[in-house]
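The next block holds one structure in the form of structure tokens; read it before the comments.
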Amino acid sequence: MPEPTKKDETPNGEKESVATDSSEAPMPTPEISLEVSPPPPEQPVETEGKDPQPIEVIKPVQPEPVENGSKEPEPEAVVVGAKEQVESVNSEVKEEAPSPCSPPLPDKDDDATTNIPSPPPPPEDANTAKKLSIELPNDSVHVSAMGRKDSVWSLGEGQAPEDLDKPVDTPPLSSLLIERPQGGSITVGGDISFVAKVEAQDLLRKPTIKWFKGKWMDLASKTGKHLQLKETFDRRTKIHTFEMHIIKAKDNYAGNYRCEVTYKDKFDSCSFDLEVKELEQSQSVDIRSAFKRSSEGHEDAGDLDFSGLLKHRNQREPKQDETPEVDVWEILKSARPDQYEKIAFEYGITDLRGLLKRLKKTKKEEKKSEAFAKKLDPAYQADKGGKIRLVVDLADPTVELKWYKNGQEIRPTPNQRKFIFEQKGTQRILVINNCGLNDDAAYSVAAGEEKCTTELFVKELPVKITKEIEAVKTTVNERIELECEVSEVGAQVKWCKNGVEVSTGPRSRYRVKSDGLKHWLIIDDASKEDTGTFSLMASGGTSEAKVQVELKPLKIIQDLQDMTVLLGQPLKMHCEIFPGNVPGRWYRNGQLIQSNDRINILQRAKNHRLEIVNSTLHDAGDYTFVPEGYSQSLCAKIHIVDPPRVHLESLNFPDNTVTIVAGNKLRVEIPISGEPAPRVVWMKGERVILDSGHRVRAETFPDHTSLTIDIAEKEDTGNYKIVLQNEAGEAGASVKVKVVDIPDPPEVPLVTEVGGDWCSMTWEPPIYDGGSPILGYFIERKKKQSSRWMRLNFDLNKETTFEPKKMIEGVPYEVRVFAVNAIGVSKPSEPSKAFVPLAVTSEPTMLVVDDVTDTTVTMKWRPPDTIGAAGLDGYLVEYCIEGTDDWRVTNKELTEKTKYTITGLPPEAKILVRVRAINAAGASTPRTLQHSILVKEVIEPPKIRIPRHLKQTYTRKVGEAVNLVIPFMGKPRPKVSWLKEGQTVDPTQVTIRNTDCDSIIFIRKAERKHSGKYDMKVEVENHVDTAIVDIQIVDLPGPPQCVKIDEVWGGNVALDWTPPKDNGNAAITGYTIQKADKKTMEWYTCIEHYHRTCITITELVVGNEYYFRIYSENMVGLSEGATQTKDSALIVKEGMQLKNPEYIDHDFKEPPKFTQPLINTFAIAGYNATLNCSVRANPRPKVIWMKNKIAIIDDPRYRMFSNQGVCTLEIRKPSPYDGGMYSCKAINDLGDALVECKLEVKGGFTFSELMQRGVPLHLIDKYMSETKAVEQPEK
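Numbering of the sequence shown is given in our numbering, commencing with residue 343 and proceeding in unit increments.
This is the structure in structure tokens:
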């Protein structure tokens, strides 16, 4: 049950805790021992002017930190102001125990630590005094932690000696406890229980109980293995039983305990004591065994053996060491500090830290005071305003002495008599005069290096009332002074009215004044509310007196007068009464009048005024003024007069004109005023409108008049006059009524123009606008076949024209119009005639020149991108001479083709051409050629455009058809001729057909004789272009020749043969070898696609005899027949030996030889081109590529590859500049080889393309001549 420790400032101003250093080994908890004994006779009790009895105050000590698993922490206590020297650790002072059921007296510091006040104890015998002492180990607290006043706590604190003779009033306690816990005594390690019972007969719920040790330690949070709290309830007897069990008590559990029971506003308390006695036992202390760290944690371990205390398992009783032969204490006391560790090691002491602490405390115990023969008492107490003497006896009178208050030195001053220093022999006395609350502090005296401390407690005496307050009876507005005298100057008192404290702030009606012992409460201007009981409360008593305030008699000096006021004029009422400062209230017709912006209520002394700025009819009536607090009143009658008026401005009608829609009901209410109520007459022209009319009638009411027309018609339009008369005058006004209606429908709309998805329409406004201007029009449309109309505009159209949009092309539509005025929407107009939206096509695209002669120009174009629902009827071609705007139509009838030739043109003229697309909606926007065309035939040199697949050998099988199309260019129409191997092509074998732009070679059924190179020649006047087409007709190959068995050994047979005589006009790609057993002659394939002409057949069955045959293979397939060996191969059985012939190694070295040459190639400018060839050589040759006999080295435009003898040159995006002779050269140690080819790069634009782009002729001629000049040197 640890107890918290309060913290305070030491005399040096530093905050200090009594807890030991957390870095050191944990120390055992000091234990408290309480005993009661009478005060010693040598310490007399002093009153004022004498040395008071010192008071010993117990202060809590911060519990030592304990690891988990150790024993439960126990409370610690320190005696502040102990005697000069602690002679014995177990010194005991007995204290007379208080009444078992009397609660302890609360002290000043306990108020801040508990919320439940405890009543003071009953008075004790004057011959007895309380004194506390505890068992205090020397290391329990540092000296600097002593003497702190604000950390005082008590385990049952007694009264000061000077208060023992004073009676103490004990407030009555509620009798909740029917059985109270009784004190008891037990031995250390015993168990004890305390029982409290509460009767619940009159209780609605369970009471609250708290158990305390001392004055403030709540035991509810300390429950555990040593303390248990239990609650039971007996439903039969209606009794709550509360029990507190203490298990295995320790000596520090002794002390005063308290039980408090609370139920709503009832409270009961009972105190009891617990005495814990120690077992008598004597045992020798072995210092070495006490300071050895054992590995077992049990209760009998040494005081400093905390490592063993951390364990919980049951341990066996440790064996007692033998009594030491050497007194280690004496050795340590006489040794130097640097020898402590050596001595501890020598005698087996492991807990050196604990040993040094105990040694330090032992040295302190042996140290005696050399400066003081008698130190200050632990504490002193004095009354406020009294005198106190602090006496110390010096052992050496010559020692310089200094006195301190809260750590600050007290210095004598000649002008102040607060502190007086006296000397009597060896005694040094500090006298403190006129003690005040600020003298309540810690005092210390220093003699040389020694110091002793004490505490002074200043007790404030209660303030008593010496002169009572006198009762007062007066009238309102008078001054009241309540006077009272107290027993102390400057005492704190509190004024109350009817038990509530009086507010004395700057805005309060009450003022408080004090002078010495006198105190006043002043009310400058008394009112009737000040009647009541006023009291003054001091700490020593209360004084009360009654104050009665009455009203003065009322006198009317000037009464209210009846008045007649014109409406709108100011109204002022006045009266005069005595007394003058009496407030009052104004009433109109019994209703309270409040002040506002229009009504002002004034009071100046005895004059009372009511002012109304602008009087109204509501202000007429009976007015009454009632003085506050009196039963008398003043009355007057006010009459308001007003001539008749017509208030047309409230109608907010422009020009007083009321507009009504025909067929609706009209009721016009016009406010009128007048007092008395006027007579009203309505007239239209000379006709008076009566209130008995059927459709049109007039009615009059007190505040307004009205004109009612049940069903408005056009004839009701006109001016209406109003006449008002009363005895105060006459007034008149006029109102204009206008009847309006919706307009007539507009005229039939007319569609003036039609587009692809829109149209343009117009209409005439309606003849009758309904009496209100036309605000706009709504337009609707619908499909002719539909009956659903769709609104086209949601905002009014102000004009009489409109363009409907987003219509479907080719669908017939109708439109109609609505007129709108302020009254509403008219009926729709008649629908327009049906119309169909149609759109012209877009302009033709890609208009180019196709051909030009001396008198004609041929144009080509593409159809329009957008045609529409109206379709496309044809095209219209127009031209004009450059420099004029005379466009002439060349085709009288529309042409449906996208190509047209304009004839009859003058030679060498420059013309512009345009084309229009025509459909049912009209002609489209023309497409015009950007540049002019020169009417002159231009010679275009011939150019053969060999297809990519014909640039290499064209291969076909025998019997397949050959159909080759070779395009060419040139103007006029070129002349084409073909030759085969320099001879004219036989038309019976090969069919050739020529057109203006291409030539076709056709062979219906190809034969091997059709193979060869065909030369194509294209001529245009003096310009010639040639090309070669290589055609290869292939067939199945013949069988191999001379197949023979070279050698047979083991399960192997070596075969050799020669290639076939007929390869089928294609290279032999491989051979297929088959074998057959002589017994069955069934053929099985051994290997396919074999390239060599010799082979070894393995894994043959021993003892069998085999025949072999071989098929040859080319790109067409296997040969029809196979060549079989004449002889058979017998596989010899085991036991037969074969003589291996000697073989000469074959020399595989050979010079480079190109197996596939380079082929002349045509490339397209901007597209990658490749040149391929294959070479065979051993060792591997070095390959060099050259262009025009110059080696190609580190040129990023070329990439060279070589893989398995195949050499490739890639030309990236070639240009005409890259054309020329390319060669590939292979070199090794045995020789070299070279192959060449021609690369022609076709790029740029042709004459026709330049003409299509509209390039002028002189630029075209220049470009063509430059291109020809580049090509001729290459040839």
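For glycine and all other residues, C-beta sits at the position ideal for the given N, C-alpha and C.
{"Asked": "Whole-number beta carbon distance between Leu546 and Phe554, since they are thought to touch under 8 Å", "Found": "The Cβ separation is near 26 Å, so there is no contact."}
{"Asked": "Inter-residue Cα distance where the pair is Lys1078 and Pro996", "Found": "10 Å"}
{"Asked": "CB-CB length for Leu674 against Lys726, believed under 8 Å", "Found": "About 53 Å; that fails the 8 Å criterion."}
{"Asked": "Per DSSP, cross-strand counterpart(s) of Val1366", "Found": "Glu1361"}
{"Asked": "Spatial neighbours of Thr1467 in its chain, beta-carbon cut-off 8 Å, leaving aside the 5 residues before and after", "Found": "Val1385, Lys1386, Ile1387, Leu1397, Tyr1449, Phe1450 and Arg1451"}
{"Asked": "Spatial distance of Thr1195 from Val1366 (CA atoms)", "Found": "21 Å"}
{"Asked": "Which listed residue (Glu1389, Gly1393 and His1433) has its alpha carbon closest to that of Ala1409", "Found": "His1433"}
{"Asked": "Three-state class that DSSP yields for Ile943 in the structure shown", "Found": "strand"}
{"Asked": "Segment contact, 8 Å Cβ cut-off, at least three pairs: the segment 1001-1013 with the segment 1054-1069", "Found": "yes"}
{"Asked": "Selected residue, minimal CA-CA separation from Glu1373, among Pro1402, Tyr1217 and Glu1302", "Found": "The sequence shown places Ile at residue 1373, not Glu. For Ile1373, the nearest C-alpha among the options comes from Glu1302."}
{"Asked": "Neighbourhood of Lys1359 by C-beta, 6 Å cutoff - its chain only, sequence neighbours within 5 removed", "Found": "Ser1319 and Thr1368"}
{"Asked": "Whole-number beta carbon distance between Pro1088 and Tyr1119, since they are thought to touch under 8 Å", "Found": "7 Å"}
{"Asked": "Proximity of Glu1447 and Leu1378 at Cβ, strictly below 8 Å", "Found": "no"}
{"Asked": "Cβ neighbours of Val1182 in the same chain (closer than 6 Å, five flanking residues each side left out)", "Found": "Ala1263, Gly1264 and Ser1266"}
{"Asked": "DSSP three-state assignment for Asn1520, whether helix, strand or coil", "Found": "strand"}
{"Asked": "Of the listed residues Gln723, Lys716, Lys747 and Leu732, nearest to Asp738 (C-alpha basis)", "Found": "Lys716"}
{"Asked": "With 16 other Cβ atoms within 10 Å as the buried cut-off, status of Pro848", "Found": "exposed"}
{"Asked": "Close Cβ partners of Tyr595 (< 7 Å) along its chain, the five nearest in sequence each way excluded", "Found": "Ile588, Leu616 and Val618"}
{"Asked": "First through last residue of the alpha helix (DSSP H) which encompasses Lys839", "Found": "Note, Lys839: premise wrong, no alpha helix (DSSP H); beta strand (DSSP E) at Lys836 to Lys839."}
{"Asked": "Val907 to Met915 span [Cα, whole Å]", "Found": "12 Å"}
{"Asked": "Exposure of Ser1171, with buried meaning 16 or more beta-carbon neighbours within 10 Å", "Found": "buried"}
{"Asked": "Three-state secondary structure (DSSP) of Met1103", "Found": "strand"}
{"Asked": "Bridge partners - Ile1535, DSSP secondary structure assignment", "Found": "The partner list for Ile1535 (beta bridge, DSSP) is empty, contrary to what the question assumes."}
{"Asked": "Buried or exposed (CB count within 10 angstroms, at least 16 for buried), Lys1567", "Found": "buried"}
{"Asked": "Residue from Val1022, Lys897 and Lys839 whose Cα sits closest to the Cα of Glu1072", "Found": "Val1022"}
{"Asked": "As assigned by DSSP and simplified to three states, the class of Arg1258", "Found": "strand"}
{"Asked": "Span separating the alpha-carbon of Asn1510 from that of Pro1499", "Found": "20 Å"}
{"Asked": "DSSP three-state assignment for Ile1387, whether helix, strand or coil", "Found": "strand"}
{"Asked": "Reduced DSSP category for Leu1032 - H, G, I as helix; E, B as strand; rest coil", "Found": "coil"}
{"Asked": "Collapsed DSSP secondary structure at Val734 in the structure displayed", "Found": "strand"}
{"Asked": "Ile1501 versus Gln524, Gly1508, Gly1225 and Ser1516, residue with shortest Cα-Cα distance", "Found": "Ser1516"}
{"Asked": "8 Å Cβ cutoff met for Arg1269 and Pro1205", "Found": "no"}
{"Asked": "Beta-carbon spacing of Lys1420, Ser1470 below 8 Å", "Found": "yes"}
{"Asked": "Those residues which DSSP pairs with Phe920 across a bridge", "Found": "Lys897"}
{"Asked": "Sequence-distant residues of its chain with Cβ nearer than 8 Å to Lys1403 (five each side left out)", "Found": "Gly1380 and Gln1383"}
{"Asked": "Contact check, Leu1066 vs Gly1016, beta carbons under 8 Å", "Found": "yes"}
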